[in-house]
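As they're listed, the protein sequences go chains F and H. Residue 161 in the numbering used here is what sits at position 159 of the first sequence, and the numbering runs on without skipping anything. Residue 502 in the numbering used here is what sits at position 4 of the second sequence, and the numbering runs on without skipping anything. Note that beta-carbon positions come from the ideal geometry of N, C-alpha and C, so glycine has one too. Fair warning: this is a prediction, and the values are worked out from it, not measured in the lab. I have placed the structure first, in the form of structure tokens, so that the comments after it can refer back to it.
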Amino acid sequence: MTAAAPLRIGVVVFPGINTDGDTHHALETFPGVSAEYLWHKDTDLKGVDGIVIPGGFSYGDYLRCGAIARFSPIMQSITDFAADGGLVMGICNGFQILIEAGLLPGGLIRNTGLKFVCRYVNLRVETAATPFTSTCEQGDVLRIVVKHNEGNYTVDPATFEKMKTNDQIVVRYVNAAGERAEGANPNGALDDIAGVCNETRNVFGMMPHPENSVEAELAGGADGRRFFGSMIDALRGAEVTA
Amino acid sequence: MNVRVYVTPKHGILDPQGAAVERSLPNLGFTGVSGVRVGKIIDLTIQGAGLTEEAARSQVDEMCRKLLANPIIEDYTFEIEG
């Protein structure tokens, strides 16, 4: 890719998704990045370099969060894109959709408090060895928001062991000091898990919303840039952007 | 044929809704209640020329595995009548 050609990242739009605009904006705060909306009924990925599935309430969260979106035409194309090594990030409902599609392990169930949680959380980067956290150091603590009702991550014990062995737990909920602690986990997620990647590390999902923390001059800080910036760097081939 | 599908949280997985219901029952004087699980019922009818119950059963099982339930977090059973 020449320096002049913008990097093109797809933002998938399902009916009921409500952070597509924020995610599009967040991506375009990076110089040389062009965000493209991808409609759920299309199968054409428009030749994008990477894909972000944003958060919201696809299909009204009917049946189970993400369950119906998973069978939309665009998801078959995204499954093929991921199988070819393409980078796919899912945020909140996007994480739920990737889980329902079987692109990420585990399940997301109702928060233990039975309430929708909307607050800042501290995330500890558990591995920098993913294309979505490569600009971080292991142990970095990032402060961004969660806003969800079904973010309680669970997985069967055998898969959990395999995920730990493969270093697939990418971010955990911690306190401001970076320690796992009572009250730090907003939803009861197993082992304080906030985000995971697949075995081949090209598909990543997390419940918190990095797209709401991309501008230091605005409320919310800029810690969310680290995830997008890492992804953009990976797509560009290790140029520094974050 | 009328089909009733029962979807419940998978055995061994925490059910936050069931736990909340269980905690509230003693307040109403119902003691000794345990094992509360909150699930859902999905009713549907399935038709087709010459559709046998066995074929319907196989279709419903596939529907459950692919969409109606998520076998990673949920268990399902179903009944077929008529």
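Sorting F:Ile19, F:Ala85, F:Arg238 by C-alpha distance to the C-alpha of Pro133 (chain F) places F:Arg238 at the top.
For Asn95 (chain F), the enclosing alpha helix (DSSP H) begins and ends at 95-102.
Close to Ala518 (chain H), with beta-carbon spacing below 8 Å, are these residues of chain F in chain order: Leu116. Counting only Cβ-Cβ distances below 8 Å, Asn568 (chain H) has contacts in chain F at Arg66, Ala69, Glu102, Gly109, in chain order. Rounded to the nearest whole angstrom, the C-alpha separation of Ala103 (chain F) and Gly34 (chain F) is 31 Å.
The segment 22-37 of chain F makes no contact with the segment 60-69 of chain F: fewer than 3 CB pairs, one atom from each, lie closer than 8 Å.
A direct Cα-to-Cα measurement between Asp225 (chain F) and Pro212 (chain F) gives close to 7 Å.
For Gly23 (chain F), the enclosing alpha helix (DSSP H) starts and ends at 22-30. Within the segment 514-571 of chain H, the complete alpha helix (DSSP H) segments of 4 residues or longer fall at 514-522, 551-561, listed in chain order. Counting only runs of 4+ residues, the alpha helix (DSSP H) found wholly inside the segment 7-91 of chain F occupies 22-30, 75-85, in chain order.
In terms of Cα proximity to Glu38 (chain F), the closest of F:Ser79, F:Pro8, F:Ala186 is F:Pro8. In the three-state DSSP reduction, Arg145 (chain F) falls in the strand class (E or B).
Here the alpha carbon of Asn214 (chain F) sits roughly 7 Å from the alpha carbon of Val147 (chain F). Under the three-state reduction of DSSP, Pro210 (chain F) is assigned to coil, being neither helix nor strand.
Looking from the CA of Asn154 (chain F), the closest CA among F:Ile234, F:Thr129, F:Ala71, F:Val119 belongs to F:Val119. Within chain H, not a single residue places a beta-carbon under 9 Å from that of Thr202 (chain F); the smallest gap is close to 19 Å.
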